[in-house]
C-alpha cells in the first residue's frame, strides 16, 4: 500500500508531476477533439450516403418534406437516426458498424436487389428502435406542447391531440415519412408458408382441425366432383372419417331461419362467416337448437352439416392462425397509422371498419378474410383480445 501511494505521489523520477499532468490533459483534449471531429464527419449526409446501398434511400429522402419544404429547415439522416445525447450517440455509432459489416464483409445488402430483400427487416429494426426510445429523435424537433392545433387541419388536430394525451410514439403513425415503405406482405407471407409446412407435417391427423384458407366442400370423397360450398379461413371442423387424402368433416354454425340458409356464421346474430353450403351438403343439415336474437328479433338456427374436404392446409391449433393474422394486421393497418385494438369494434362493426380501409392495403381475398375473422373473433362483443 505504501509503494502504491509513493507511485501515485511520485510516478516518475525523471519527469515532474506537473509535466505528467499536462501530458495527460493534452492526451484527453486530443482524444476529445478526435472523437468530436469523428462524430461530426460521420454525421453528415455526405458520409451517410457514401455507400452505394444508401443511394436509393437518399433519393427517396430527397422527395420528402424533411429534405425540402416551405420553411427551408432540413432534417438530415442523424436527426432521425441518431439520438442527441452523448451515450445514445455513441451506442448508435456502434450499432451502425453492423451495417458496414453486412455491406463490406457479408455482402448481405451490397446490391439494390439484396437491399430490397432485406428492406422490411431493416425497417422493422429501425421502427422498433425508435419505438423503444419513445421516438426521442423525432421529438427533439417536434414537441406536442409546442404544436398550434389551430394551424392544423381538423383531422390532424384531432389525431394529434389524442396522440399527445397518450404521449404516443411518432413512428406509430409516420413510418413512411422519409423513405418508401417496404413490401409489408413479405413477413406474413413467409408466416403463411410456415403454417402450410406445419399443416403438411401434421398430416391433418387430429380430430379437431382449423382451415388455413378457403376450401371446397364436397358431398362425396371426390375432390374432382362438384363443390357444394366453401369452408372459410380459420374455421373449426370435427373429423368424422378419413379416406385417402380426403376428410369427412362436421361443421356447425348458425343460419338465419328466414333466409336461404346458405351462409353459416360462428355466432348467432354476428356476421362472422364460417362456411357456405348448398346442394347435397346442405341436405345433411341437422338442427341443434333455435334461438331468437333479442336485439333484432331475428330467429337463428344452430345447425351442423357433413361434407368432405381435402387434407391440405388443415392445422390442429387456431393460435398460429391468429398469430399470422395479427402479423397481417400489424403489417398493413399499422403501416400508416396506429391501428385500434381489435376490441375497439364489434364483430359486425369490423366489416365496415376494414372495408373503409381496403383502398389503402393490398391483400388477397383469402388474406383479407383471415384478417377480418381474426378481428371479429377478438372484437368488443366476442370477448376481446384474450378470448381466443
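Residue numbers (full-length UniProt numbering): 1 to 388. Backbone N, C-alpha and C fix where the C-beta goes; we use that ideal spot for every residue, glycine too. Owing to the predicted nature of the structure, the values given are computational and were not obtained by experimental measurement.
Taking buried to mean at least 16 other C-beta atoms within 10 Å of its own C-beta, is residue i buried or exposed?
i, result
"residue 327", "buried"
"residue 112", "exposed"
"residue 347", "buried"
"residue 376", "buried"
"residue 29", "exposed"
"residue 357", "exposed"
"residue 104", "exposed"
"residue 235", "buried"
"residue 374", "buried"
"residue 341", "exposed"
"residue 394", "Nothing in the structure corresponds to residue 394, since the chain is present only between 1 and 388."
"residue 100", "exposed"
"residue 370", "buried"
"residue 209", "buried"
"residue 321", "buried"
Determine the contact status of residue i and residue j, defining contact as a CB-CB distance below 7 Å.
i, j, result
"residue 204", "residue 314", "yes"
"residue 237", "residue 277", "no"
"residue 307", "residue 272", "no"
"residue 333", "residue 325", "no"
"residue 252", "residue 268", "no"
"residue 233", "residue 211", "yes"
"residue 223", "residue 310", "yes"
"residue 45", "residue 77", "yes"
"residue 264", "residue 274", "yes"
"residue 188", "residue 331", "yes"
"residue 221", "residue 207", "no"
"residue 350", "residue 383", "no"
"residue 130", "residue 177", "no"
"residue 366", "residue 121", "no"
"residue 164", "residue 144", "yes"
"residue 228", "residue 279", "yes"
Could you round the C-beta distance between residue i and residue j to whole angstroms and report it? I think they count as a contact, below 8 Å.
i, j, result
"residue 247", "residue 239", "5 Å"
"residue 82", "residue 32", "Rounded, the Cβ-Cβ distance is 19 Å, inconsistent with contact."
"residue 299", "residue 258", "7 Å"
"residue 182", "residue 128", "The Cβ separation is near 14 Å, so there is no contact."
"residue 173", "residue 75", "Not confirmed; about 17 Å, so no contact."
"residue 118", "residue 109", "5 Å"
"residue 291", "residue 255", "Incorrect: roughly 12 Å between the Cβ atoms, too far for contact."
Tell me which residues share the same chain as residue i and place their Cβ nearer than 7 Å to its Cβ, disregarding the 5 neighbours each side in the sequence.
i, result
"residue 134", "169"
"residue 147", "160"
"residue 202", "315, 316"
Tell me which residues share the same chain as residue i and place their Cβ nearer than 8 Å to its Cβ, disregarding the 5 neighbours each side in the sequence.
i, result
"residue 47", "41"
"residue 97", "none"
"residue 372", "350, 351, 354"
By Cβ distance below 6 Å, which residues in the same chain neighbour residue i in space, the five residues on each side in sequence not counted?
i, result
"residue 179", "57, 60"
"residue 62", "none"
- beta strand (DSSP E) segments (min. 3 residues) lying fully within the stretch 63 to 97: Counting only runs of 3 or more, we get nothing.
- Could you tell me which uninterrupted beta strand (DSSP E) segments, each at least 3 residues in length, are contained entirely in the stretch 232 to 289, listed from first to last along the chain? 236 to 243, 246 to 256, 263 to 267, 270 to 277, all fully within the stretch 232 to 289.
- Task: Taking only runs that begin and end inside the stretch 178 to 227, name each unbroken beta strand (DSSP E) of 3 or more residues, in chain order.
- Result: Counting only runs of 3 or more, we get 208 to 211, 215 to 218.
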